[in-house]
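Novice:
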Amino acid sequence: MPILWDPDLSVGVEAIDAQHQELFGRIDRLLEAIRERHGAEEVARLLEYLGEYVLAHFSSEEKLMLEQAYPHYDAHRQEHLRFVREFGALRAEHEKEGPTAALLIRVTNRVTAWLREHIYRADRDLAAFLRDSGG
Amino acid sequence: MPLQWTQALSVGIPEIDAQHQELFRQVDRLLEATLANDHGQVGAMLTFLGEYVATHFSTEERFMRDVGYPGLDRHREEHERFAADLLELHRDFAEAGTLPGLVGRLNRQVGDWLRGHVCVTDMAMGRFASRARMA
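In order, the protein sequences belong to chains Y and G. Residues in the first sequence are numbered from 1 upward in steps of one, following this note's numbering. Residues in the second sequence are numbered from 1001 upward in steps of one, following this note's numbering.
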């Protein structure tokens, strides 16, 4: 059940698309580790690996938004912050309970589904703005 | 085939019985929505069901740890396999937009599985807990 990226998620800005693909690649590895029972240590490592990239990617988008004076910067950044909090809660849950069935479901529903929706809506809007402003 | 909770399915732990009843209700509502071809509802309910399954499995696993149940690991494995199946079903549905045979899969992979798991695996957990209480 791998490969969460699909062409529908392309926003038309290469740099952002590339980062999104990397994001989904890391989520894929995390989900596989939980499903295939690679163990708590491996899952913790992959949660951290994913978390790092989430932060890097969000930073990168926010920098672009500021540089191009994207009018919806605040709202978009709020969404990023909410996600980071949610992700932090999942990491804390893993620390407490280990790689459970619940974690598998929650990473899929809250991380993957959230990202897909955010990309499809918020990032597309950002990308359209960037293309229009010649960025 | 509706998923009816009856007293015969009681595992002797009120909180878990209550969650089982709610789980069965959600599956029944999901089956109804599927039969009514309400795609939007089915998608939303699959997500909701996933979250509830996560909560319920967490509750059981914490309970088993608290009472020192020796069958915890095997029980967790069943939870993990079911979670993976449920997520795959959800993903197949999301990708196809509709799913001929979704009713069949729901009955078999969700309904039948839940009934069997409660009857056998959760019952064993319940018996251990009541013996532990009497000791």
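Glycine included, each C-beta is placed from N, C-alpha and C at the ideal position.
Need the endpoints of the alpha helix (DSSP H) that residue 1028/G sits in, please.
Specialist: Here residue 1028/G is taken as the residue at index 28 of the second sequence, counted from 1. Per DSSP, residue 1028/G belongs to the alpha helix (DSSP H) from 1014-1035.
Novice: Taking only the alpha-carbon atoms, compute the straight-line gap between residue 120/Y and residue 127/Y and give it to the nearest angstrom.
Specialist: Working through the first sequence from its first residue, we reach residue 120/Y at position 120. Working through the first sequence from its first residue, we reach residue 127/Y at position 127. So the two alpha carbons sit approximately 11 Å from each other.
Novice: So, is the C-beta of residue 82/Y closer than 8 Å to a C-beta in chain G?
Specialist: Residue 82/Y sits at position 82 when you count from the first residue of the first sequence. It does not; no Cβ of chain G falls within 8 Å.
Novice: Closer than 9 Å by beta-carbon distance: list the chain Y residues that pair up with residue 1057/G, in chain order.
Specialist: Locating residue 1057/G in the second sequence gives position 57, counting from the first residue. Within chain Y, the residues near residue 1057/G are 100, 101, 102, 105.
Novice: With DSSP as the reference, label residue 1004/G as helix, strand or coil.
Specialist: As a working note, residue 1004/G is residue 4 in the second sequence. Coil, per DSSP.
Novice: Does the beta carbon of residue 35/Y sit closer than 8 Å to a beta carbon anywhere in chain G?
Specialist: Along the first sequence, one-based indexing puts residue 35/Y at 35. Answer yes: the Cβ-Cβ gap between residue 35/Y and chain G drops below 8 Å somewhere.
Novice: Considering only their Cβ atoms, is the gap separating residue 10/Y from residue 68/Y smaller than 8 Å?
Specialist: Walking along the first sequence from the start, residue 68/Y turns up at place 68. Walking along the first sequence from the start, residue 10/Y turns up at place 10. No, Cβ-Cβ distance for residue 68/Y and residue 10/Y is not below 8 Å.
Novice: Should residue 1013/G be labelled buried (16 or more other beta-carbon atoms within 10 Å of its own) or exposed?
Specialist: In the second sequence, residue 1013/G corresponds to position 13, counting from 1. Residue 1013/G should be labelled buried.
Novice: Quick one: Cα of residue 104/Y to Cα of residue 1080/G, how far?
Specialist: Residue 104/Y sits at position 104 when you count from the first residue of the first sequence. Residue 1080/G sits at position 80 when you count from the first residue of the second sequence. Approximately 8 Å, taken between the alpha carbons.
Novice: Closer than 8 Å, CB to CB, is residue 1098/G near chain Y or not?
Specialist: Position 98 of the second sequence holds residue 1098/G. Closer than 8 Å: no.
Novice: Taking buried to mean at least 16 other C-beta atoms within 10 Å of its own C-beta, is residue 1134/G buried or exposed?
Specialist: As a working mapping, residue 1134/G is identified with position 134 in the second sequence. The residue is exposed, with fewer than 16 neighbouring Cβ atoms inside 10 Å.
Novice: Return the chain-ordered list of same chain residues with a C-beta closer than 8 Å to the C-beta of residue 1117/G, the five sequence neighbours on each side being excluded.
Specialist: Within the second sequence, residue 1117/G is the residue found at index 117, counting from 1. The residues are 1078, 1082.
Novice: Please list the terminal residues of the continuous alpha helix (DSSP H) segment that includes residue 105/Y.
Specialist: Counting from one through the first sequence, the residue named residue 105/Y turns up at place 105. Unbroken alpha helix (DSSP H) run through residue 105/Y: 101-106.
Novice: Using the Cβ count rule (16 or more neighbours within 10 Å means buried), how would you classify residue 1058/G?
Specialist: To locate residue 1058/G, count along the second sequence from 1; it is residue 58. Looking at its Cβ environment, which holds 16 or more other Cβ atoms inside 10 Å, residue 1058/G is buried.
Novice: When we look at the beta-carbon of residue 1111/G and count the other beta-carbons within 10 Å, is it buried (16 or more) or exposed?
Specialist: As a position in the second sequence, residue 1111/G is number 111, starting the count at 1. Buried is the call here.
Novice: Assuming the contact rule is C-beta atoms closer than 8 Å, residue 1050/G and residue 1087/G should be a hit. Round their C-beta distance to whole Å, please.
Specialist: Walking along the second sequence from the start, residue 1050/G turns up at place 50. Walking along the second sequence from the start, residue 1087/G turns up at place 87. About 7 Å; that satisfies the 8 Å criterion.
Novice: Output needed in chain order: residues of the segment 86-100 of chain Y with a Cβ under 8 Å from some Cβ in chain G.
Specialist: From the segment 86-100 of chain Y, only 97, 100 have a Cβ closer than 8 Å to chain G.
Novice: Please compile the residues from chain Y whose C-beta is within a distance smaller than 8 Å of the C-beta of residue 1082/G.
Specialist: Translated into the one-based positions of the second sequence, residue 1082/G becomes position 82. Within chain Y, the residues near residue 1082/G are 101.
Novice: Alpha carbon to alpha carbon, how far is residue 1084/G from residue 72/Y?
Specialist: In the second sequence, residue 1084/G corresponds to position 84, counting from 1. In the first sequence, residue 72/Y corresponds to position 72, counting from 1. If you take the alpha carbons of residue 1084/G and residue 72/Y, they lie about 37 Å apart.
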